[in-house]
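Enquirer:
There are 2 protein chains.
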Amino acid sequence: MSKISATPQPPYYAVIFTSTRTSDDLGYIDMAANMLTLAAQQSGFLGVESAREALGITVSYWTDLASIKQWKANLDHQQAQKLGREKWYASYKVRIAKVERDYGL
Amino acid sequence: MSKISATPQPPYYAVIFTSTRTSDDLGYIDMAANMLTLAAQQSGFLGVESAREALGITVSYWTDLASIKQWKANLDHQQAQKLGREKWYASYKVRIAKVERDYGL
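Residue numbers (this note's numbering), protein chains in the order written: chain A, 26 to 130; chain B, 26 to 130.
#1: When you compare only the Cα positions, how much space is there between A:L63 and A:L108?
#2: Could you name the residues of the segment 70-82 of chain A whose beta carbon sits closer than 8 Å to any beta carbon of chain B, in the order they occur along the chain?
#3: What first and last residue would you give for the alpha helix (DSSP H) that runs through A:T43?
#4: Run down chain B in chain order and give the residues with a C-beta less than 8 Å from the C-beta of A:Y117.
#5: Mind the definition here: the segment 110-125 of chain B touches the segment 34-50 of chain B only if three or more C-beta pairs lie below 8 Å; say whether that holds.
#6: Specify the secondary structure class of A:K118 as computed by DSSP and reduced to three states.
#7: Hey, would you say A:L61 sits closer than 8 Å to A:V73, going by beta carbons?
#8: If you draw a straight line from the C-alpha of A:N99 to the C-alpha of B:M56, how long is it?
#9: With a cut-off of 8 Å, does the C-beta of B:S105 fall near any C-beta of chain A?
#10: DSSP puts A:G81 in a beta bridge; with which residues?
#11: Would A:I54 and B:L80 be called neighbours here (beta carbons separated by less than 8 Å)?
#12: Along the alpha helix (DSSP H) that carries B:W96, what are the first and last residues, could you check?
#13: When we look at the beta-carbon of A:D101 and count the other beta-carbons within 10 Å, is it buried (16 or more) or exposed?
#14: Closer than 8 Å, CB to CB, is B:I121 near chain A or not?
#15: Ignore the nearest five residues each way along the sequence and tell me which others in B:A65's own chain have a CB closer than 8 Å to its CB.
#16: Contact criterion: CB-CB distance below 8 Å. Does A:E111 meet it with respect to chain B?
#17: Compare the C-beta of B:I54 against all C-beta atoms of chain A and say whether one is closer than 8 Å.
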């Protein structure tokens, strides 16, 4: 979370999840932590990077679209998504993107 | 910056810039603000989202790869990139990705 993900050579996939929160914190921190732990156990998971100020941005990295679809359909994750829509997020956007190139320092 | 970008229907491109900072703050805030202003004036710019905790994540959105290339080559931006590598960033990764699908609340 606090480190840049050590992703392999492209191509791979990124799920960019951008959100603004409501003031309802009940259960949010625990659920967010649980979902990170659970995501990291999924097939095709490559890493996750996250930061929040006014906006929250979580980028998770995956080997392929099938892995992303499978994670979205995970039953515990489905429950978290439902609570997110109902309670925790004022707004959000999910963008699924194919990483074609990367470089860094 | 503090709002979710109102991007058009996919496909479009995302540049995911993830970084950790050094302790050298001299000039950083001003340069970061200037680069956001300048980026928003570029051809093909669609929006930018940013947050920083231990990790900084800035995602900028663009219509196409040519616009991203042009922005990378911008002379003022080149100077900022040079200072970033030399002074401000302990590590960073740039990922260029094609957004294939999005949805939200």
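Cβ atoms here follow ideal geometry from the backbone N, Cα and C, with glycine treated the same way.
Expert: In short:
#1: So the two alpha carbons sit approximately 17 Å from each other.
#2: Shown in chain order are the members of the segment 70-82 of chain A whose Cβ falls below 8 Å from a Cβ of chain B: E74, S75, A76, R77, E78, A79, L80, G81 and I82.
#3: No alpha helix (DSSP H) contains A:T43, which is instead part of the beta strand (DSSP E) from Y37 to R46.
#4: Result: I29, G129 and L130.
#5: Contact between the segment 110-125 of chain B and the segment 34-50 of chain B is established, with three or more Cβ pairs separated by less than 8 Å.
#6: Reduced to three states, the DSSP call for A:K118 is strand.
#7: Yes, the Cβ-Cβ distance between A:L61 and A:V73 is below 8 Å.
#8: Straight-line Cα distance between these residues: approximately 42 Å.
#9: Here residue 105 of chain B is Ala; the residue named in the question, Ser, does not match the sequence. Taking 8 Å as the threshold, the shortest C-beta distance from B:A105 to chain A does not fall below it.
#10: DSSP, once it has assigned bridges, lists A:S44 and A:R77 as partnering A:G81.
#11: Going by C-beta atoms, A:I54 is not nearer than 8 Å to B:L80.
#12: L90 to A98 is the span of the alpha helix (DSSP H), which, as asked, contains B:W96.
#13: With fewer than 16 other Cβ atoms from the protein chains shown falling within 10 Å of its own Cβ, A:D101 counts as exposed.
#14: Yes, B:I121 counts as interfacial toward chain A.
#15: So the qualifying residues of the chain are V73.
#16: Taking Cβ atoms only, chain B never reaches closer than 8 Å to A:E111, which makes this a no.
#17: For B:I54, the answer is no, since every Cβ of chain A falls outside 8 Å of its Cβ.
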